[in-house]
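Numbering (full-length UniProt numbering), first residue to last: 1 to 498.
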């Protein structure tokens, strides 16, 4: 029987022995475990009004049980892929499976990753902490920001939260432990190389590999789980409308805006793959090429400054200097005092001497704008209401969508960026769709945050610089940056491919 350090055991030894036996009986029954260890329907708990797991969650746990009972643990790894709509409770299921695996196996090793570090730390891993605290055997384990481990065997009985990069793929390589579990959250955006390396960990009999995500792309290893590699995977596709915790009002709004069979609804609601290749608006390849280019011939263009003002405490204010096809490294800060922020912008104006300053006027931005006008910068300041109508209403749902498309064109046609992983992630994060009038609609910040992505402050700051054409007040008129770069002319040389 397990013996716990003093202060960890909340029940008599006999009761603890019974708990160990009871939980051990759920080796091949994750649903039974979930119903046993959490206080479903108990007054005074967060689950007082909950009767148990959702139907789709029970079905996935049933697939695991069936695979184990069929002897899959003897010969092969169990591989399950779940493509779903938005907001169905998949992070809760991930947490339950981790707790079940850790509680019913001796010396397990669990690796958990997600599409981004933010998703992993603020969604997936935080959800594990919440359910750990609610479990009847919470005293068996300790949770930290990167590791969840047995209190007696922290080095050999653990789950680890590991953000992925293609440079640390060895973290997902095979292990010789008997009980191995790997979980991919938001799996569509995890690089193929990480999938390939993880296959090495699946050589252990009884290993489990679970992949969850919105089906955002028709290419890549997650999509292949439902296509050419389907024979290797147990697959499920979950429609958000069938999940009891999904936001039904928001779902209906999406259906009303886009239509039942639109790619946005297919992915975000129905849990099926898009007809187009991807919902990603700006590709990683486009941004990478812009980072490799060297700007030239931009001196005669207008200098513009874009300022994205933080909306919430976890956002940041970002300044972007742009001149023609050249962008300087951004300045990023967390300054909640709007008057101090206005002073910093004033200093930036004095130093950079821009021909125009574009400031996001949504929310707190107006306070900064008013202060800068009081300071005498009124002629330079251009408020931008990104939620208002686009200049070209026939093509764009709102001004924000228009700015993103203009920025995308600038990148594709010769724009040059500094190397900045945060800006890269911001530019490649948003998805897009079309409304019923076939106008481009860029995913909202709130929807991005719901997917575990941060507010794209760095991207928004850059894109504000495209809000209006500005003539230089310090140089003679110059041809457009497209003409100067030779973009679109025969023989144009793209430095990024040289």
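For glycine and all other residues, C-beta sits at the position ideal for the given N, C-alpha and C.
Measure the C-alpha to C-alpha separation of residue i and residue j and round it to an integer number of angstroms.
{"i": "residue 64", "j": "residue 148", "result": "22 Å"}
{"i": "residue 223", "j": "residue 273", "result": "8 Å"}
{"i": "residue 263", "j": "residue 216", "result": "9 Å"}
{"i": "residue 256", "j": "residue 240", "result": "15 Å"}
{"i": "residue 119", "j": "residue 451", "result": "7 Å"}
{"i": "residue 143", "j": "residue 242", "result": "32 Å"}
{"i": "residue 139", "j": "residue 103", "result": "11 Å"}
{"i": "residue 431", "j": "residue 150", "result": "39 Å"}
{"i": "residue 160", "j": "residue 121", "result": "11 Å"}
{"i": "residue 106", "j": "residue 312", "result": "44 Å"}
{"i": "residue 368", "j": "residue 341", "result": "7 Å"}
{"i": "residue 228", "j": "residue 247", "result": "33 Å"}
{"i": "residue 206", "j": "residue 54", "result": "26 Å"}
{"i": "residue 5", "j": "residue 115", "result": "Note that residue 5 scores a pLDDT of 49, beneath 50, so its modelled location is shaky; the value from the coordinates is reported in the next line. Answer to the nearest angstrom: the Cα atoms are 37 Å apart."}
{"i": "residue 261", "j": "residue 285", "result": "28 Å"}
{"i": "residue 305", "j": "residue 465", "result": "6 Å"}
{"i": "residue 508", "j": "residue 45", "result": "No answer is possible for residue 508: the residues shown for the chain start at 1 and end at 498."}
{"i": "residue 502", "j": "residue 17", "result": "Residue numbering for the chain in the displayed model covers 1 to 498; residue 502 lies beyond these limits and cannot be assessed."}
{"i": "residue 14", "j": "residue 101", "result": "24 Å"}
{"i": "residue 36", "j": "residue 183", "result": "23 Å"}
{"i": "residue 179", "j": "residue 156", "result": "11 Å"}
{"i": "residue 72", "j": "residue 208", "result": "Its pLDDT being 49, under 50, residue 72 is placed unreliably in this model, and the value from its coordinates should be taken loosely. Straight-line Cα distance between these residues: approximately 10 Å."}
{"i": "residue 251", "j": "residue 89", "result": "15 Å"}
{"i": "residue 314", "j": "residue 21", "result": "44 Å"}
{"i": "residue 429", "j": "residue 455", "result": "9 Å"}
{"i": "residue 19", "j": "residue 259", "result": "51 Å"}
{"i": "residue 484", "j": "residue 406", "result": "At residue 484, the pLDDT of 39 sits below 50, so the modelled position is not reliable; the number obtained from the coordinates is stated separately. Going by the C-alpha atoms only, they are around 18 Å apart."}
{"i": "residue 417", "j": "residue 162", "result": "29 Å"}
{"i": "residue 482", "j": "residue 289", "result": "Below a pLDDT of 50, predicted positions are generally treated as unreliable, and residue 482, at 43, falls in that range; the measurement from the model is reported next regardless. Cα to Cα, residue 482 sits roughly 16 Å from residue 289."}
{"i": "residue 134", "j": "residue 38", "result": "6 Å"}
{"i": "residue 68", "j": "residue 43", "result": "35 Å"}
In the DSSP assignment, find the beta strand (DSSP E) that holds residue i and state where it starts and stops.
{"i": "residue 423", "result": "Counting along the chain, residue 423 falls outside any beta strand (DSSP E), though it belongs to the alpha helix (DSSP H) covering 421-428."}
{"i": "residue 320", "result": "317-323"}
{"i": "residue 113", "result": "109-114"}
{"i": "residue 332", "result": "331-333"}
{"i": "residue 45", "result": "Looking at the DSSP string, residue 45 is not in any beta strand (DSSP E), and its letter there is neither H nor E."}
{"i": "residue 82", "result": "78-84"}
{"i": "residue 238", "result": "234-238"}
{"i": "residue 282", "result": "Taken as a continuous stretch (DSSP letters only), residue 282 belongs to no beta strand (DSSP E), as it is neither H nor E."}
{"i": "residue 94", "result": "Taken as a continuous stretch (DSSP letters only), residue 94 belongs to no beta strand (DSSP E), being part of the alpha helix (DSSP H) at 90-104."}
{"i": "residue 359", "result": "356-360"}
Return the Cβ separation of residue i and residue j in integer angstroms, given the expectation that the two are a contact with Cβ distance under 8 Å.
{"i": "residue 91", "j": "residue 127", "result": "4 Å"}
{"i": "residue 468", "j": "residue 308", "result": "Wrong, their Cβ atoms sit about 16 Å apart, outside the cutoff."}
{"i": "residue 124", "j": "residue 164", "result": "Actually they do not touch by this definition, with Cβ atoms about 12 Å apart."}
{"i": "residue 185", "j": "residue 212", "result": "5 Å"}
{"i": "residue 458", "j": "residue 426", "result": "4 Å"}
{"i": "residue 109", "j": "residue 234", "result": "At roughly 22 Å, the Cβ-Cβ gap does not stay under 8 Å, so residue 109 and residue 234 are not in contact."}
{"i": "residue 331", "j": "residue 319", "result": "4 Å"}
{"i": "residue 400", "j": "residue 387", "result": "7 Å"}
{"i": "residue 267", "j": "residue 214", "result": "6 Å"}
{"i": "residue 291", "j": "residue 419", "result": "5 Å"}
{"i": "residue 236", "j": "residue 59", "result": "7 Å"}
{"i": "residue 470", "j": "residue 355", "result": "5 Å"}
State the start and end residues of the unbroken alpha helix (DSSP H) segment that holds residue i.
{"i": "residue 306", "result": "Not the alpha helix (DSSP H): residue 306 falls in the beta strand (DSSP E), residues 303-308."}
{"i": "residue 256", "result": "248-258"}
{"i": "residue 35", "result": "30-37"}
{"i": "residue 67", "result": "55-69"}
{"i": "residue 345", "result": "338-352"}
{"i": "residue 21", "result": "13-24"}
{"i": "residue 296", "result": "Per DSSP, residue 296 belongs to no alpha helix (DSSP H) and is neither H nor E."}
{"i": "residue 461", "result": "457-464"}
{"i": "residue 130", "result": "125-134"}
{"i": "residue 369", "result": "365-374"}
Subject >> Segments of 4+ residues assigned as alpha helix (DSSP H) that fall wholly inside the stretch 173-230 >> reply: 192-198, 221-225
**OP:** Kindly provide the ranges of any beta strand (DSSP E) runs that are 3 or more residues long and lie completely inside the stretch 382-455, ordered along the chain.
**Re:** 432-434, 440-442
Original post:
Are three or more beta carbon pairs between the stretch 432-442 and the stretch 337-344 nearer than 8 Å?
Top reply: no
Original post:
Taking only runs of the beta strand (DSSP E) that begin and end inside the stretch 144-172, which ones reach a length of at least 3 residues, in chain order?
Top reply: 147-150, 158-161
Original post:
Just checking, does the stretch 186-204 make contact with the stretch 94-108 on the three C-beta pairs under 8 Å criterion?
Top reply: no
Subject >> Segment contact flag, the stretch 321-331 with the stretch 287-301, C-beta cutoff 8 Å, min 3 pairs >> reply: yes
Subject >> Cβ contact check for the stretch 350-360 and the stretch 383-393: 3 or more pairs under 8 Å >> reply: yes
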